[in-house]
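One structure below.
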Amino acid sequence: MKLITKSPVFFLKLFFIFQFSCITLCYSESFSKCFPEKFSFICDNPNDFLLRSGVNIENNIIEQARLRLLEEKFDGGCHGGIYQGNHNTYFIKRSNVFTEFIGSKLMNLIVGKTCTPTVRLVKDQVNCVASEKLRKFSNKKEFKKKVKRKHLSGEVDITIAMDYLGIVDRHSKNIGYVKLRKKKLLAARVDFDASFAFEIRPRANSTYKENSNHKNLNLLYLSMQTFPEHQVRSAIQKIVNIPDEKIILTVFECWATFNKLGYVISSESCFALAHKLIERKMAFKTVLDDPNSVTYASLEADPMFKKLFKKLKKNKHKKKSRYIN
């Protein structure tokens, strides 16, 4: 009778699976204990809870005094400049830290850090953020070449993520591409100051209002008329699949960082935003299940959007270009 032996690699994989399962279980139990009703934190120390969840808020903070100034006032910035750290270049600017920081963290969660920058709060400058420079990023204004469709990916994912977070600012300097290997280009986005403007018309100036209607889906419906249906559905599904706990934890991490630096931003306002985002996610799911919903019908009755829909539908009948400008 032969003994069946397993290679060391097999046991190593088994160990990592077991370790991951334990961490996931501990996190789940810890989350349920500290967030019994999802939107209220009852444990004593938020930093200890976050550390147990694998989050160190010190990584969200940077000191401007430790960076070397390369260029004062980068293009588009009001106060700040381009700074060099030990390993990364940072764009520092004065901003609405609530929308910029939370918006960036949620974009990182949805589409990843390859195509959206890591944003940190500046410890020694009030109301300033430091956005880490994306590697090989060119915005649409800088990128003069025509881009072949087969070389471009992630455009719909970025767009639907912006729709979800209410980022109405679609300026060509804030949207562009990250160059990958083999001539591949990944759609990318920088600057999240205009996040959570759920009711604002596309491309309009925006400010976050706590009483805004987060179930307004104008932005999403415009994207549904602009991009292929299967791509939009895929992008929506990725957002719908994000667990509620991850959204809550991400927003809570931001609040803990604000709190550590002395910002007067209440946990209630952050939880209220997390609640809105979860409800908005469910509204996206409703559209995924029923694109001909009552909300969609009422939107098509809007004169401004009716005119735009007509124009978009007309363009759909034209021969599609091989290029994206």
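Using my numbering, the first residue of the sequence shown is number 5, and each one after it goes up by one.
Cβ coordinates follow ideal geometry from the N, Cα and C atoms, glycine included.
Quantities reported herein were computed from a predicted structural model and do not represent experimental measurements.
(request) Rounded to whole angstroms, what's the CA-CA distance from Glu159 to Leu190? Just pull it up for me. (result) Here residue 159 refers to the residue found at position 155 when the sequence shown is read from its first residue. Here residue 190 refers to the residue found at position 186 when the sequence shown is read from its first residue. If you take the alpha carbons of Glu159 and Leu190, they lie about 7 Å apart.
(request) Just grab the DSSP bridge partners of Thr163 for me. (result) The sequence position of residue 163 within the sequence shown is 159, counting from 1. Partner(s): none; Thr163 has no beta bridge.
(request) Within the same chain, show all residues whose beta-carbon is closer than 7 Å to that of Asp128, passing over the 5 residues directly before and after it, in chain order. (result) For this step, residue 128 is matched to residue 124 along the sequence shown. Setting aside the 5 residues that flank it on each side, Asp128 is surrounded in the same chain by Glu67, Gln68 and Ala69, each with a C-beta closer than 7 Å to its C-beta; the list follows chain order.
(message) Can you tell me which residues form a DSSP beta bridge with Lys127?
(response) Start at 1 with the first residue of the sequence shown, and residue 127 comes out as number 123. Paired residues: none, contrary to the question.
(request) Grab the span of the alpha helix (DSSP H) containing Lys264 for me, first residue to last. (result) Position 260 of the sequence shown holds residue 264. Per DSSP, Lys264 belongs to the alpha helix (DSSP H) from Asp248 to Lys264.
(message) Let me check understanding here. Comparing Cα to Cα, which of Ala192, Ala260, Ala278 and Ala134 lies closest to Leu156?
(response) Here residue 156 refers to the residue found at position 152 of the sequence shown. Ranking Ala192, Ala260, Ala278 and Ala134 by Cα distance to Leu156 puts Ala192 first.
(request) Look up Glu364 in the DSSP assignment and say whether it is helix, strand or coil. (result) Residue 364 lies beyond the residue range present for the chain, which begins at 5 and ends at 329; the question has no answer from this structure.
(message) According to DSSP, simplified to helix, strand and coil, what is Gly2?
(response) Nothing can be reported for residue 2, as the shown portion of the chain is limited to 5 through 329.
(request) Would you decide whether Leu29 is buried or exposed? Buried here means 16 or more other CB atoms lie within 10 Å of its CB. (result) Residue mapping note: residue 29 aligns to position 25 of the sequence shown, counting from 1. Note that Leu29 scores 42 on pLDDT, short of 50, meaning its location in the model is unreliable and no value can be drawn from it.
(request) Compare the beta carbon distance of Ile2 and Val255 with 8 Å and say whether it is the shorter of the two. (result) Examination of residue 2 is not possible in this model, given that the chain is present from 5 through 329 alone.
(message) At the level of alpha carbons, what is the spacing between Leu281 and Val101?
(response) Taking the sequence shown and counting its residues from 1, the one referred to as residue 281 is at position 277. Taking the sequence shown and counting its residues from 1, the one referred to as residue 101 is at position 97. Answer to the nearest angstrom: the Cα atoms are 18 Å apart.
(message) Which same chain residues end up closer than 8 Å to Thr261 when comparing Cβ atoms and leaving out the 5 residues on each side of it in sequence?
(response) Here the question's residue 261 lines up with position 257 in the sequence shown. So the qualifying residues of the chain are Ile61, Asn64, Ile65, Phe105 and Leu125.
(request) Under 6 Å Cβ to Cβ from Tyr212, same chain only, skipping five residues before and after it: list those, please. (result) As a first step, residue 212 must be located in the sequence shown, where it is residue number 208. Same-chain partners within the cutoff: Thr103 and Phe200.
(message) Using CA atoms only, rank isn't needed, just tell me which of Lys289, Leu71 and Ala165 is closest to Gly116.
(response) Here the question's residue 116 lines up with position 112 in the sequence shown. Of the listed residues, the one whose Cα sits closest to Gly116 is Ala165.
(message) If I measure Cβ to Cβ from Cys3 and keep anything under 8 Å in the same chain, skipping five residues before and after, which residues do I get?
(response) The requested residue 3 does not occur in the structure, where the chain is confined to residues 5 to 329.
(request) For Phe35, I'd like the list of residues in its chain whose CB is within less than 6 Å of its CB, leaving aside the five on either flank, ordered along the chain. (result) On the sequence shown, position 31 is the one that residue 35 refers to. Here the set comprises Glu249.
(request) Report the option in Arg174, Ser216 and Lys140 whose CA atom is closest to the CA atom of Leu187. (result) Taking the sequence shown and counting its residues from 1, one reaches residue 187 at position 183. The sequence given here has Lys at residue 187, not Leu. With distances taken between Cα atoms, Lys187 lies closest to Lys140.
(request) Going by DSSP, name the residue or residues bridged to Ala192. (result) Taking the first residue of the sequence shown as position 1, residue 192 is located at position 188. Answer by DSSP bridge pairing, in chain order: Gly180.
(request) List the whole-angstrom C-beta distance separating Gly84 from Arg98, where the pair is believed to meet the contact cut-off of C-beta under 8 Å. (result) If you number the sequence shown from 1, residue 84 lands on position 80. If you number the sequence shown from 1, residue 98 lands on position 94. That belief holds up - the Cβ atoms of Gly84 and Arg98 are roughly 6 Å apart, short of 8 Å.
(message) Need the endpoints of the beta strand (DSSP E) that Asn90 sits in, please.
(response) In the sequence shown, counting from the first residue as 1, residue 90 sits at position 86. Neither: Asn90 is in no beta strand (DSSP E) and is coded neither H nor E.
(message) For a quick check, are the C-beta atoms of Ala276 and Lys219 less than 8 Å apart?
(response) Reading the sequence shown from its first residue, position 272 is the one you call residue 276. Reading the sequence shown from its first residue, position 215 is the one you call residue 219. No, they are not a contact pair.
(request) Determine the extent of the beta strand (DSSP E) in which Asn172 is found, giving its start and end residues. (result) Here residue 172 refers to the residue found at position 168 of the sequence shown. Reading off the sequence, residue 172 comes out as Val, not Asn. Taken as a continuous stretch (DSSP letters only), Val172 belongs to no beta strand (DSSP E), as it is neither H nor E.
(request) Compute the beta-carbon to beta-carbon distance between Arg284 and Tyr94, rounded to the nearest angstrom, for a pair I have assumed lies under 8 Å. (result) Within the sequence shown, the letter at position 280 stands for residue 284. Within the sequence shown, the letter at position 90 stands for residue 94. Not really, about 31 Å apart at Cβ, beyond 8 Å.
(message) Using only the alpha-carbon positions, how far apart do Ser135 and Ser44 sit?
(response) As a position in the sequence shown, residue 135 is number 131, starting the count at 1. As a position in the sequence shown, residue 44 is number 40, starting the count at 1. Answer to the nearest angstrom: the Cα atoms are 30 Å apart.
(request) Would you mind sorting Asp294 into buried or exposed? The rule is 16 or more other CB atoms within 10 Å of its CB. (result) For the purposes of this step, residue 294 is taken as residue 290 along the sequence shown, with counting starting at 1. Asp294 should be labelled exposed.
(request) Report the residue from Leu110, Ile96 and Thr163 whose alpha carbon sits nearest the alpha carbon of Thr230. (result) For the purposes of this step, residue 230 is taken as the residue at position 226 of the sequence shown. The shortest C-alpha separation from Thr230 is found at Thr163.
(message) Short of 8 Å in beta carbon distance, which residues of its chain neighbour Thr122, apart from the five on each side in sequence? Order them along the chain.
(response) The residue given as residue 122 occupies position 118 in the sequence shown. These residues qualify, in order along the chain: Ser108, Asn112, Ser135 and Glu136.
(request) Return the CA-CA distance between Asn263 and Ile171, expressed in angstroms with no decimal places. (result) Locating residue 263 in the sequence shown gives position 259, where the first residue counts as 1. Locating residue 171 in the sequence shown gives position 167, where the first residue counts as 1. Approximately 25 Å, taken between the alpha carbons.
(request) Tell me where the alpha helix (DSSP H) around Glu272 begins and ends. (result) Numbered from its first residue, the sequence shown carries residue 272 at position 268. Taken as a continuous stretch (DSSP letters only), the alpha helix (DSSP H) holding Glu272 covers Ser271 to Asp293.
(message) DSSP has Cys132 in a bridge; who is on the other side?
(response) In the sequence shown, residue 132 corresponds to position 128, counting from 1. Answer by DSSP bridge pairing, in chain order: Arg98.
(message) I need the boundaries of the alpha helix (DSSP H) containing Glu233, first residue and last residue.
(response) The sequence position of residue 233 within the sequence shown is 229, counting from 1. Unbroken alpha helix (DSSP H) run through Glu233: Glu233 to Val244.
(message) Can you confirm whether Ala165, when its beta carbon is compared against all beta carbons of chain D, has any partner nearer than 8 Å?
(response) No chain D is present in this structure, which holds just one protein chain.
(message) Can you tell me whether Asp197 sits near the ligand ADP, meaning its C-beta is under 7 Å from at least one heavy atom of the ligand?
(response) This structure lacks the ligand ADP; in fact it carries no ligand of any kind.
(request) Can you have a look at Val130 and say buried or exposed, based on whether 16 or more other CB atoms are within 10 angstroms of its CB? (result) Here the question's residue 130 lines up with position 126 in the sequence shown. Taking all protein chains shown into account, Val130 has fewer than 16 neighbouring C-beta atoms within 10 Å of its C-beta and is therefore exposed.
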